[in-house]
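Trainee:
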Amino acid sequence: MYIPLTLVLGGAVGNLIDRVRVDGRVIDFIDFRIWPVFNFADSAIVCGMLVLLIHVLFRAPEKEDEREGEEWKNDEKYNEEEKE
């Protein structure tokens, strides 16, 4: 989970640095001629968001902690109500 967040944050910081350095513009330098021109920061943001989206949509459900409900069951008020 840290890697996709790092990619998104790193890409955002990279574009921010470009905007501060180059009069409010981002320098795009990767051009495949059939796709819009982009840079590594843009690629990092897109890849990070895709990994996050896949993780959120297809992750396995987490197991519940077995001890999660014990605190409530051991509560004196709960035990008193059960005895009545």
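Counting from 1, position 38 in the sequence shown corresponds to residue 517 in the numbering used here; the numbering is continuous, with no gaps. For glycine and all other residues, C-beta sits at the position ideal for the given N, C-alpha and C. Computed from a predicted model, the values in this text were never measured in an experiment.
Would you report the Cα separation of LEU567 and ILE524, rounded to the nearest angstrom?
Mentor: Not covered by the structure: residue 567. The range shown for the chain is 480 to 563.
Trainee: Please work out which residues of its chain come closer than 7 Å, Cβ to Cβ, to ASN518, disregarding the five sequence neighbours upstream and downstream, and give them in chain order.
Mentor: Around ASN518: VAL505, ILE506, ASP507, PHE508, ILE509.
Trainee: Could you give the first and the last residue of the continuous alpha helix (DSSP H) run that contains ASN494?
Mentor: Element bounds for ASN494: 481 to 500.
Trainee: Any idea what DSSP makes of PHE517, helix, strand or coil?
Mentor: The answer is strand: DSSP assigns PHE517 an E or B state.
Trainee: I need the straight-line Cα distance from PRO515 to PRO540, nearest angstrom please.
Mentor: One C-alpha to the other measures close to 38 Å.
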